[in-house]
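K.L.:
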Ligand SMILES: C[S@@+](CC[C@H](N)C(=O)[O-])C[C@H]1O[C@@H](n2cnc3c(N)ncnc32)[C@H](O)[C@@H]1O
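Numbering (this note's numbering), first residue to last: 10 to 308.
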């Protein structure tokens, strides 16, 4: 199964754009500004500027500093930064700093999406493609890029999300592991559907096959008008979100299709997967992608 050299280059660039590997210096600039702000507001001696510059002078100095921001960091620091992006790690190892990337998942899990979809296309596995837990849309945008490159846009791409953040879970495992992950505490995880739509539009990825499924998984997934899935990707973090999605959708995954669990490395999510697999006697081998993600192929 081959694509043109043009599409190959497109996919490689798209992947880098979605995880913001191309503009790492923006993130360095953000870190610089945050550090500078903290040092100034905490009345510490600013790291880079004289304490009492006029606003105009400060603006100019800041602009110059940001312009040359790459030089503030050594090649080793930049390398380490790129290495972390492999596994979806962001500045200061803090997902709140994932301001510019459209996906927080990193390179290895992006490449896993490509691996699964290419096998699906090659083996003509029937069904749509779905991401449950969309955030800014990046992983789903990559799926759409792949559908486009391989001329498979007759498959629907389903985007299921509350588009208002992670729900409050009453599951003990979620409560003890995550605490409060509601939108009040993590507004950065609540991305509304219009923003996601705009991200798709910006990269010319919004086609008629892209379907938004808004609401809590336990209310929307069961009755969604989906007959078959070739790829089911779960990225809802919680025990509840993972279990609800498997319960509603795994029976719709075609034989030869793939299930990707983005958060398998997190205890509550892993427990939900293990419980569901045991309950349904699923023996297909779980393959580990990186420190978080795992997947299996449905026999
Ligand atoms: C970690 S983010 C997804 C990251 C994304 N896949 C990417 O490419 O970066 C988790 C998303 O799951 C959604 N979510 C989690 N549990 C949910 C549930 N039970 N119902 C609806 N949306 C949920 C949140 O709103 C959030 O957008």
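Every residue gets a Cβ at the ideal spot worked out from N, C-alpha and C, and that includes glycine.
#1: How about residue 278: is its Cβ closer than 8 Å to a heavy atom in ligand 1?
#2: Hey, quick one: how far does the beta strand (DSSP E) through residue 139 stretch, first residue to last?
#3: Count the other C-beta atoms from every protein chain shown that fall within 10 angstroms of the C-beta of residue 108, then say buried if there are 16 or more, exposed otherwise.
#4: Mind checking whether residue 258 and residue 141 have CB atoms under 9 Å apart?
#5: Check this for me: beta carbons of residue 115 and residue 28, under 9 Å apart or not?
#6: In angstroms with no decimal places, state the Cα-to-Cα distance between residue 273 and residue 244.
#7: Taking DSSP's pairing of strands, which residues face residue 294 in a bridge?
#8: Note down, one range per segment and in chain order, each beta strand (DSSP E) of at least 3 residues found wholly within the segment 226 to 292.
#9: When DSSP labels each residue in this structure, what does residue 304 get in the three-state scheme?
#10: Grab the span of the alpha helix (DSSP H) containing residue 209 for me, first residue to last.
#11: So, are the CB atoms of residue 94 and residue 306 less than 9 Å apart?
#12: If you draw a straight line from the alpha carbon of residue 241 to that of residue 40, how long is it in whole angstroms?
#13: Using a Cβ-Cβ cutoff of less than 6 Å, which residues in the same chain neighbour residue 349 once the five nearest sequence positions on both sides are dropped?
#14: Do residue 37 and residue 88 have their C-beta atoms within less than 9 Å of each other?
#15: On a CA-only basis, which of 246, 30, 231 is nearest residue 180? Give me that one, please.
#16: At a threshold of 8 Å, does residue 167 count as lining ligand 1 (C-beta to nearest heavy atom)?
#17: Any chance the CB of residue 225 is under 8 Å from a heavy atom of ligand 1?
#18: Tell me which residues share the same chain as residue 192 and place their Cβ nearer than 8 Å to its Cβ, disregarding the 5 neighbours each side in the sequence.
#19: Quick check: does the Cβ of residue 157 come within less than 8 Å of any heavy atom belonging to ligand 1?
#20: For residue 170, report the span of its beta strand (DSSP E) as first-last.
#21: Considering only the beta carbon of each residue, do residue 20 and residue 123 sit closer than 9 Å?
#22: In the structure shown, what three-state DSSP assignment does residue 41 receive?
#23: Per DSSP, what are the beta-bridge partners of residue 221 in this structure?
#24: Return yes when the Cβ of residue 169 is within less than 9 Å of the Cβ of residue 112, no when it is not.
#25: Terminal residues of the continuous alpha helix (DSSP H) containing residue 121?
#26: Is it right to say residue 97 is buried, meaning 16 or more other beta carbons lie within 10 angstroms of its own, or is it exposed?
#27: The alpha helix (DSSP H) that contains residue 182, what's its start and end?
#28: Between which two residues does the alpha helix (DSSP H) holding residue 106 run?
#29: Any chance the CB of residue 271 is under 8 Å from a heavy atom of ligand 1?
P.N.:
Result, derived from the coordinates:
#1: The sequence position of residue 278 within the chain shown is 269, counting from 1. It does not: the Cβ of residue 278 is nowhere closer than 8 Å to a heavy atom of ligand 1.
#2: If you number the chain shown from 1, residue 139 lands on position 130. Note, residue 139: beta strand (DSSP E), 137 to 141.
#3: Taking the chain shown and counting its residues from 1, the one referred to as residue 108 is at position 99. The residue in question, residue 108, is exposed, as its Cβ has fewer than 16 Cβ neighbours within 10 Å.
#4: What you label residue 258 is simply residue 249 of the chain shown in a count that begins at 1. What you label residue 141 is simply residue 132 of the chain shown in a count that begins at 1. Taking 9 Å as the Cβ cut-off, residue 258 and residue 141 qualify as a contacting pair.
#5: For this step, residue 115 is matched to residue 106 along the chain shown. For this step, residue 28 is matched to residue 19 along the chain shown. Taking 9 Å as the Cβ cut-off, residue 115 and residue 28 qualify as a contacting pair.
#6: Within the chain shown, numbered from 1, the residue matching residue 273 stands at position 264. Within the chain shown, numbered from 1, the residue matching residue 244 stands at position 235. Approximately 9 Å, taken between the alpha carbons.
#7: Along the chain shown, read from residue 1 onward, the residue named residue 294 stands at position 285. The partner list for residue 294 (beta bridge, DSSP) is empty, contrary to what the question assumes.
#8: 238 to 243, 262 to 270
#9: Position 295 of the chain shown, counted from the start, is the residue given in the question as residue 304. Residue state, collapsed to three classes: strand.
#10: The count along the chain shown starts at 1 and reaches residue 209 at position 200. Here the alpha helix (DSSP H) through residue 209 covers 202 to 211.
#11: Within the chain shown, residue 94 is the residue found at index 85, counting from 1. Within the chain shown, residue 306 is the residue found at index 297, counting from 1. In this structure, residue 306 does not lie closer than 9 Å to residue 94 by Cβ.
#12: Residue numbering aside, residue 241 sits at position 232 when the chain shown is read from its first letter. Residue numbering aside, residue 40 sits at position 31 when the chain shown is read from its first letter. Whole-angstrom Cα-Cα distance: 35 Å.
#13: Not covered by the structure: residue 349. The range shown for the chain is 10 to 308.
#14: As a position in the chain shown, residue 37 is number 28, starting the count at 1. As a position in the chain shown, residue 88 is number 79, starting the count at 1. Not a contact, by the Cβ cut-off of 9 Å.
#15: Taking the first residue of the chain shown as position 1, residue 180 is located at position 171. Measuring from the Cα of residue 180, the nearest candidate turns out to be 246.
#16: One-based indexing of the chain shown puts residue 167 at position 158. No, the beta carbon of residue 167 sits no closer than 8 Å to any heavy atom of ligand 1.
#17: The sequence position of residue 225 within the chain shown is 216, counting from 1. Within the cutoff, so yes.
#18: One-based indexing of the chain shown puts residue 192 at position 183. Within the same chain, residue 192 has close Cβ partners 173, 174, 175, 198, 199.
#19: In the chain shown, residue 157 corresponds to position 148, counting from 1. No, Cβ of residue 157 sits at least 8 Å from all heavy atoms of ligand 1.
#20: Sequence index remark: in the chain shown, residue 170 carries index 161 (1-based). It spans 166 to 170 - the beta strand (DSSP E) in which residue 170 sits, taken as one unbroken run.
#21: Translated into positions along the chain shown, residue 20 becomes position 11. Translated into positions along the chain shown, residue 123 becomes position 114. Yes; because the gap between Cβ atoms is below 9 Å, this pair is in contact.
#22: Here residue 41 refers to the residue found at position 32 when the chain shown is read from its first residue. The answer is helix: DSSP assigns residue 41 an H, G or I state.
#23: In the chain shown, counting from the first residue as 1, residue 221 sits at position 212. Answer is 168, bridged to residue 221.
#24: Reading the chain shown from its first residue, position 103 is the one you call residue 112. Reading the chain shown from its first residue, position 160 is the one you call residue 169. Result no, Cβ atoms of residue 112 and residue 169 do not sit closer than 9 Å.
#25: Here residue 121 refers to the residue found at position 112 of the chain shown. Note, residue 121: alpha helix (DSSP H), 115 to 131.
#26: The sequence position of residue 97 within the chain shown is 88, counting from 1. Classification of residue 97: buried, given that the 10 Å Cβ count is 16 or more.
#27: As a working mapping, residue 182 is identified with position 173 in the chain shown. That run of the alpha helix (DSSP H) goes 181 to 187.
#28: The residue given as residue 106 occupies position 97 in the chain shown. Where residue 106 is concerned, there is no enclosing alpha helix (DSSP H), given that its DSSP letter is neither H nor E.
#29: Residue mapping note: residue 271 aligns to position 262 of the chain shown, counting from 1. Yes, the beta carbon of residue 271 sits closer than 8 Å to at least one heavy atom of ligand 1.
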